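First the structure, in the form of structure tokens, and then the observations on it.
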Amino acid sequence: MSALIVDKVDETLKERLERIGIKVDLAPGISKDDLIKIIKNYNILIFRGRLKIDKDIMDAGQNLKILARYGVGLDNVDVEYAVKKGIAVVSAPNAPSQSVAELTIGLLFSVARRIPLLNAKVKAGEWPKGKYIGIEIAGKTMGIVGFGRIGRFVAQMAKSLGMNILASDVIDVSKEVAKIGGRQVPLEELLRQSDVVTIHVPLTPETYHLLNAERLSLLKDGAIIINTSRGEVIDHEALLKHLDRLWGVGLDVLPEEPPKSHYLRQLIAHEKVVVTPHVGSETKEAMMRLAEELAANIEEVIQRIKL
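Set out below in structure tokens:
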């Protein structure tokens, strides 16, 4: 049994797999073309979000049995084709929840108090005391779009900071929301009532541009948007047009990573926007949990299909 890891991962993953007799090779940063040349030699492919794991890669992987996503989302994997080919697809959906939730709250504080902007001004030799007045988040209403694992962590943190909680989801999560003193409401109502809107949904055809021009127009003047899910769930060209009336935006994800389009460069250059480079799960603790959870899921598949 052999595995190829094509992105940077915690070394625990390699160690765990080798302990159960899997030969592990490392090729961090390998291109798609080069991967296609060698993938036939491996039974397991381990990757993050950099490469699109599509028909070309799977067809070249004649001996491929498991696709293992070191992370949560599978939007870079053609899961339907993998199923058709009889290739198992696994991920580690639980491991990064705490870290992503903490970054969400960090971005919220950064936007509310203009922390990155003030930091940059002071480092540039300025002392802009009194120029950039922030806002408190206690007593404000947070609207959580997507009340899964990460959304629930965020809700608990926000509640402990004195925020009121609204949640929107495609399934009934009203009991879970009520446990922390919040309410489940339709998305449009959430957008109208929230001071802070934070997004925690997977990327699917239904969530693409979930926050489009029409829905962005429902937001309060002075609202804050935080997105640590997937960049494509927001129409960023429409968002750019709303920036002047919003308090600010915190983004860990973009539809292009790194951003190349003019409108995206214009958006992230705005002083109301705080951007991080898709690092929601990049803490020491989360990376180790990802390795442990993914290794366990790979081992479970091996035992189940008797590889």
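Quick note, the sequence shown lines up with residues 363 to 669 if you use the working numbering. The beta-carbon is built from N, C-alpha and C at its ideal position, and this holds for glycine as well. Given the structure is predicted, the values throughout are model-derived calculations rather than measurements.
Exercise. Secondary structure at G612, three-state DSSP: helix, strand or coil?
Worked result: G612 falls in the strand class under three-state DSSP.
Exercise. If we count Cβ pairs, one from each stretch, closer than 8 Å, do we get three or more for the region 557-566 versus the region 585-595?
Worked result: Judged by Cβ distances under 8 Å, the region 557-566 makes contact with the region 585-595, as three or more pairs qualify.
Exercise. Straight-line CA distance for F409 to R431?
Worked result: Answer to the nearest angstrom: the Cα atoms are 5 Å apart.
For this session: Taking P620 as the reference, give the member of G496, G411 and V539 with the closest Cα.
Result: Minimum Cα-Cα distance from P620 among the listed residues G496, G411 and V539 corresponds to G411.
Exercise. Who are D387's beta bridge partners in DSSP?
Worked result: Paired residues: L366.
For this session: Please confirm if the region 463-483 is in contact with the region 439-453, defined as three or more CB-CB distances below 8 Å between the two stretches.
Result: The region 463-483 vs the region 439-453: no contact.
For this session: Please work out which residues of its chain come closer than 8 Å, Cβ to Cβ, to E618, disregarding the five sequence neighbours upstream and downstream, and give them in chain order.
Result: Here the set comprises G593 and L626.
For this session: Compare the Cα-Cα distances from G383 to each of T374, L397, V371 and S364 and report the closest residue.
Result: Ranking T374, L397, V371 and S364 by Cα distance to G383 puts S364 first.
Exercise. Near Q518, which residues of its chain fall below 7 Å by C-beta distance, leaving aside the five closest residues on each side in sequence?
Worked result: Counting only Cβ-Cβ distances below 7 Å, and skipping sequence neighbours, we find I542.
For this session: Kindly give me the distance between the Cβ atoms of I587 and V611, rounded to whole angstroms, as I take these residues to be in contact under 8 Å.
Result: That belief holds up - the Cβ atoms of I587 and V611 are roughly 5 Å apart, short of 8 Å.
For this session: Per DSSP, which residues does N526 bridge with? Please list them.
Result: Residue pairing by DSSP places N526 opposite T503 in a beta bridge.
For this session: Throw me the rounded Cβ distance for the I495 and L470 pair, which I believe falls under 8 Å.
Result: I495 to L470, Cβ: 17 Å. No contact.
For this session: Using the Cα positions of E661 and E655, report the straight-line distance between them to the nearest angstrom.
Result: Taking the straight line from one Cα to the other gives about 10 Å.
Problem set entry | CB-CB length for D418 against I398, believed under 8 Å | Rounded to the nearest angstrom, the Cβ distance from D418 to I398 is 6 Å, consistent with a contact under 8 Å.
For this session: Kindly indicate which three-state DSSP category R607 falls into: helix, strand or coil?
Result: Reduced to three states, the DSSP call for R607 is helix.
Problem set entry | Unbroken beta strand (DSSP E) run spanning T566, endpoints | Where T566 is concerned, there is no enclosing beta strand (DSSP E), because DSSP gives it neither an H nor an E.
Exercise. Which of the three DSSP states, helix, strand or coil, is assigned to L572?
Worked result: L572: coil per DSSP, three-state reduction.
Problem set entry | N405 - DSSP class collapsed to helix/strand/coil | N405: coil per DSSP, three-state reduction.
Exercise. Cβ atoms of A450 and I428: under 8 Å apart, would you say?
Worked result: When the beta-carbon positions are compared, I428 and A450 come within less than 8 Å of each other.
Exercise. Looking at C-beta atoms only, is the number of pairs between the region 472-484 and the region 527-536 that lie closer than 8 Å three or more?
Worked result: Verdict: no, contact absent.
Problem set entry | Beta-carbon gap between G423 and K394 smaller than 8 Å | It is not a contact, given that the beta carbons lie outside the stated cut-off.
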